[in-house]
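Below is one structure, written out as structure tokens; comments come after it.
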Amino acid sequence: MTPAMRILSILFVLGALLWALVPADALAQGAPGFQAGAPPGNTLGATSDAEFWRQVRQGRLGMVSIPDPYAAVLVRSEGDNWRALRNGPISYYGGWLLIVALLSILGFFLWRGRIKIEGGRSGREIPRFTLTERLIHWYVACVFILLAISGMVLLFGKYVLMPVVGKAAFGHIANACLQGHNLFGPMFIFGIVAMFLVYVRDNTLNGVDWNWIKRGGVLAKGHVSSEKNNFGEKVWFWMAVGGGLVLSTTGLAMEFPWIPTIIQVQWANLLHATAAIGLVAVALGHIYIGTLGMEGALEGMTRGTVDENWAMEHHDLWAKQVMDDLNVSDGRRLPPEPAAGGPGGGSKDGAPQGAPAE
Amino acid sequence: MTVHTRPEKPSAEAAVQAFLGQIDASIASYLETCVHCGECAEACHFYEVTKDPRYTPTWKLQPMVRAYKRHLAPFSGLKRALGLAPSEVTLDELEEWSELVYDACTMCARCTVVCPMGIDIATAIRRMREGMVAAGVAPEGLHEASDRALNTGSPLGLTLRVLQKQIADQEKETGIPVPVDVKGADYLVILSAMELIGFPEVIGALSRIFKQANVSWTFSSAAFEATNVGVQIGSKEIATSLLGRVVDAAEALEVKYLISPECGHAYGALKWEGPNMMGRNYEFEVIHILELLEELRLEGRLRIGGKDSRRLAFHDPCQIVRRGGVVAEPRNLMAAVAANQVVTAHAGINNYCCGGGGGVSSNHRAEELRFKAFAVKKRQLEEAGGVDALVTACANCRNVLEEAIDEYEMDLPVLSLTELLAEYLEPEGGAG
Amino acid sequence: MTFLEWTEGPLWYGASAIFVVGAAWRLFGILRLGRRVELSRPRASAASGALAAIVRHALPRGEYVERTWYHVVAGYLFHLGLFALLLFAAPHVAFIHDRLLGVGWTPLPRWAFIVVAELAFAGLILLWVRRICDPVMRQISDRDDHLGTWLTFIAMLTGCLALQETSPVLRGIHMLCVEVWMVYFPFSRLMHAFTWVLSRGFMGANYGRRGVSP
Ligand code: SF4
Ligand code: SF4
């Protein structure tokens, strides 16, 4: 687990750096040329109100008799900017991103249909995910779905739900979702750490992945050679881990808002929403391809085993390895040579059991 | 007149009726409470060697659970009316379950130890077999054995002549006369069919031990067979009829004790199930041979003169230890006779079954599975660093283990604890 | 009547009645089947065997821990968490005080409530995910297992969603979900909450009189 631990620590350092780099006043517009304590503009009415409000808006510090200097700011613009970003581009483009994701899935379905096991089922199964891997996957999946739903309500509910159910009802819903989101958040952190530790072994990138990219991955006709996880799956893993790290750190900042500065909390919120939308969008694709989109994929994560033909078509290098191991221990016969190594991925030749190797 | 135990026409209804007749409050609580956690699978040797989820102990009860929930459970009427009750059990299912209930369960009760709800699967399987017999889906091998037992008095068809021959041989061997039909003796000895045919040396061993300990004992020519195939196939009728012969013989000879021999299910049948089946308690007491030997040893009447130096491990027969309650005795006796005893992991009430109890060894179609199941015993022994010989106190275990050891091409003798003790008796007249 | 008044009034009384009467009837229905008199001579006491089994089967067995630790950990997280929430959540203590017993006790502080709730949810989720991905549990689970888990989950979840205690509607929803759960309870495997005493007890008595405590 040493490489794993190394990667984990690098990620943590990166996360910490990212955090430290957030300047305390990054969102505040500088307000040059004003001295603390001096009244802005000509309060006797010589200057326009616009000038007055612009100065207020720029975080002009007034005078207060209590020690908290922030109390001397009439309008803290950072908050307003944060709100503008969150309710503006993030909600807007984020919402569109999710719609685009759904549409692409639909498009992919119309184009490829349910991806069948081309050689049909062989009736022989090989183990794919261990019970530990499956348990962690589903634990994270359950918590992620709960968080995703409650989070989406918090982010988009105002635009999508409120017009439908009305303000009062939405108030209750949002209240509930906030409580639920805060409750399940910490459970997610444990899940994502466990997931990283258990899955990282099969998700390190290497030359096989480069080949997979060059050949067009899922978009390729036929099947491209791959290990236990193909490049797309590995990227999903690293997105989940990276996104999980961002979500966890920023989530904690929001759950304990008295520890970071207010500006950091605002940043945390924006990062959190952005990372979450990204992950949800990819998760939609992941869920689709793992269930409806591909015959024979889901059982690897439920029963833990997959059909030999499925394995050979989608993860030939790994499948061959597993079958060789089984062959040694169980006396099972050798699997056929994979044909996916040939140009263009001649899966038709490779799929049926016992077909002669090219 | 020859008896045939297999019902003429297979019938699912008969099974359902019999299931329901078997369910009392305790069985109902077992069927009700199972939370489907699956822990029990990990305890069952049949699941462990096959990893086939159908061999999960609680799943083996499924048809009986359904019959119960459909017809007998609280609210079953309401659920039937609403169409929420489980469907009626079919003959096809019962035939499918015949394998699970007879081939893949030795009624060893190891699953009960691990069950968080304390569900007694073994007892429930015993009850369920009554329904399987009524339905006509019990395996052929057990019906054949039952027919032979009812017609000849022994599931292997062993007659009095066989006993007489074995007694004569052993008398010649030991030079000690073997008492037969002695009225008023203290102890009546009966044997399991397997001992009678395969391990007759036990007769000689008993004569030597009883001579040293000065025990008054006898065989009966009217009943000498302890094996009760009725409790294995799961038929109270057959079991009671076989048991009745032994009880009658013991009471006719007016003995004080009946010795339950080195045979697992015989002990349960004689000691625990017996009085309930007969509807009365006996005029004598049932004592297991290990209990008697330990008693004699403690009284100083059984004197061990030396110790075996081989690496010996004791295989706990499920029906005698885990389900019989004779737990400390074999351990003390082993300690008295074995200088290099190997205590395997899980020894005692957690021990793995030999794989052939509960009628599995008389059921030919289960043979392959039974040999597979031996893999867990093999592993258990290997993990203990290997042994020179296994010692046990059940002739059926002994036979099953020997067959499996052959199958695995291992070299491992299996001994009887009684015989082992007899070998190390203090020499006559010797003081030390 | 408001929604909350409904759920804390008539619906609450109705559900409670079904829960109590149903569970009692179910237990009675099992016990009514009776046990035959044991005629064999016991080697030891059946009663102490029953007690021993009731205690011992609550504890993991050393020999099997390697295989069973998952259920032990998740099972205890969930069950202990659930009981802690049931008895010590501040609104529950108030409810018990005002509506049921007339006595109250010190509730959990809010932070402790949250920690306990998270552990309980984690336990329940872990138990359920094993049900969907362990071949043995997949084989033996039925509709009732899933429905029972889900209803329990929803009852707990709605409770936590009402955590801020500012919304009567959320409180009402929690009440309603709990009432559905209570009505489902006597007809389902959730009854194991009571029947475990019977199964462990009967088994323990059976073996106890034989002088062994498996
Ligand atoms: S009694 Fe023994 S053989 Fe039967 S199911 Fe239980 S563990 Fe398996
Ligand atoms: S261990 Fe007990 S409660 Fe769990 S599935 Fe097996 S019989 Fe049922």
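Residue numbers (the numbering used here), protein chains in the order written: chain S, 611 to 968; chain H, 2 to 433; chain A, 1331 to 1544. Where is the CB? At the ideal position from N, CA and C, for every residue including glycine.
Between Ser310 (chain H) and Ala329 (chain H), the CB-CB gap reaches or exceeds 7 Å. Listed along the chain, the chain A residues whose CB falls inside 9 Å of the CB of Val753 (chain S) are Phe1451, Ala1452 and Ile1455. Ranked by Cα distance from Leu1416 (chain A), the first of A:Ala1447, A:Ser1497 and A:Arg1473 is A:Ala1447. Rounded to whole angstroms, Arg1539 (chain A) and Val203 (chain H) show a C-alpha spacing of 30 Å.
Residue pairing by DSSP puts Phe220 (chain H) in a beta bridge opposite H:Val181. The C-beta distance from Ile1444 (chain A) to Leu793 (chain S) rounds to 7 Å, short enough to meet the 8 Å contact threshold. By the beta-carbon neighbour count (other beta carbons within 10 angstroms, threshold 16), Arg1356 (chain A) is buried. Think of a sphere of 7 Å around the beta carbon of Thr1482 (chain A): no beta carbon from chain H falls inside it, the nearest being about 12 Å out. By the CB criterion at 7 Å, Ala396 (chain H) and Phe200 (chain H) fall inside the cutoff. Around the CB of Asn152 (chain H), fewer than 16 other CB atoms lie within 10 Å, so the residue is classed as exposed. For Ile799 (chain S), the shortest separation between its Cβ and any heavy atom of ligand 2 does not lie below 6 Å. CA-to-CA, the gap between Phe1413 (chain A) and Arg731 (chain S) works out to about 48 Å. With fewer than three CB-CB distances shorter than 8 Å, the segment 268 to 287 of chain H does not count as touching the segment 397 to 408 of chain H. Look at Gln1494 (chain A) here: in three-state DSSP terms it is coil, with no helix or strand label. In this structure, the CA atom of Met1512 (chain A) is about 19 Å from the CA atom of Val1423 (chain A).
Distance from the CA atom of Ala367 (chain H) to the CA atom of Asp104 (chain H), rounded to whole angstroms, is 5 Å. The Cβ of Asn879 (chain S) sits no closer than 7 Å to any Cβ of chain A. Taking C-alpha positions only, Thr740 (chain S) is separated from Thr57 (chain H) by approximately 19 Å. Contact check between the segment 908 to 920 of chain S and the segment 734 to 748 of chain S: three or more CB pairs, one atom from each, fall below 8 Å, which counts as touching.
If you look at Gln342 (chain H), you'll find it in the beta strand (DSSP E) that goes Ala339 to Val343. By the Cβ-count criterion, Lys184 (chain H) is exposed, with fewer than 16 other Cβ atoms from all chains shown falling within 10 Å of its own Cβ. Per DSSP, Glu735 (chain S) is one residue of the beta strand (DSSP E) stretching across Glu735 to Pro737.
In the DSSP assignment, Arg311 (chain H) falls within the beta strand (DSSP E) that extends over Asp309 to His316.
From the beta-carbon of Arg913 (chain S), the residues of chain A found nearer than 8 Å are Cys1463, Pro1465 and Arg1468. Here the distance from the Cβ of Arg127 (chain H) to the nearest heavy atom of ligand 1 is not below 6 Å.
Within the segment 1409 to 1425 of chain A, no residue places its CB atom closer than 9 Å to a CB of chain H. With contacts defined as CB atoms closer than 7 Å, Ala125 (chain H) and Leu73 (chain H) fail to qualify as a contacting pair.
Taking C-beta separations shorter than 6 Å and ignoring five residues to either side along the sequence, the partners of Pro1544 (chain A) in its chain run Tyr1537, following chain order. Between the C-alpha atoms of Met805 (chain S) and Ala1442 (chain A) there is a straight-line separation of about 27 Å. When S:Ala758, S:Asp926 and S:Gly895 are compared, the shortest CA-CA separation from Val845 (chain S) is found for S:Gly895.
Only residues of its own chain outside the window of five on either side were considered, and among them Ser77, Arg81, Ala86, Pro87 and Glu89 have a CB closer than 7 Å to the CB of Arg71 (chain H), listed in chain order. Counting only residues of its own chain and dropping the five nearest sequence neighbours on each side, Pro428 (chain H) has a CB closer than 8 Å to the CB of Gly306. Shown here, Ile24 (chain H) sits in coil according to DSSP, grouped into three states, outside any helix or strand. Looking at the backbone, the Cα of Val102 (chain H) and that of Arg130 (chain H) are separated by about 7 Å. In the structure shown, Val322 (chain H) adopts coil according to DSSP, grouped into three states. Each of H:Glu43, H:Met118, H:Glu9 and H:Asp53 was checked against the Cα of Arg1530 (chain A), and the nearest Cα belongs to H:Met118.
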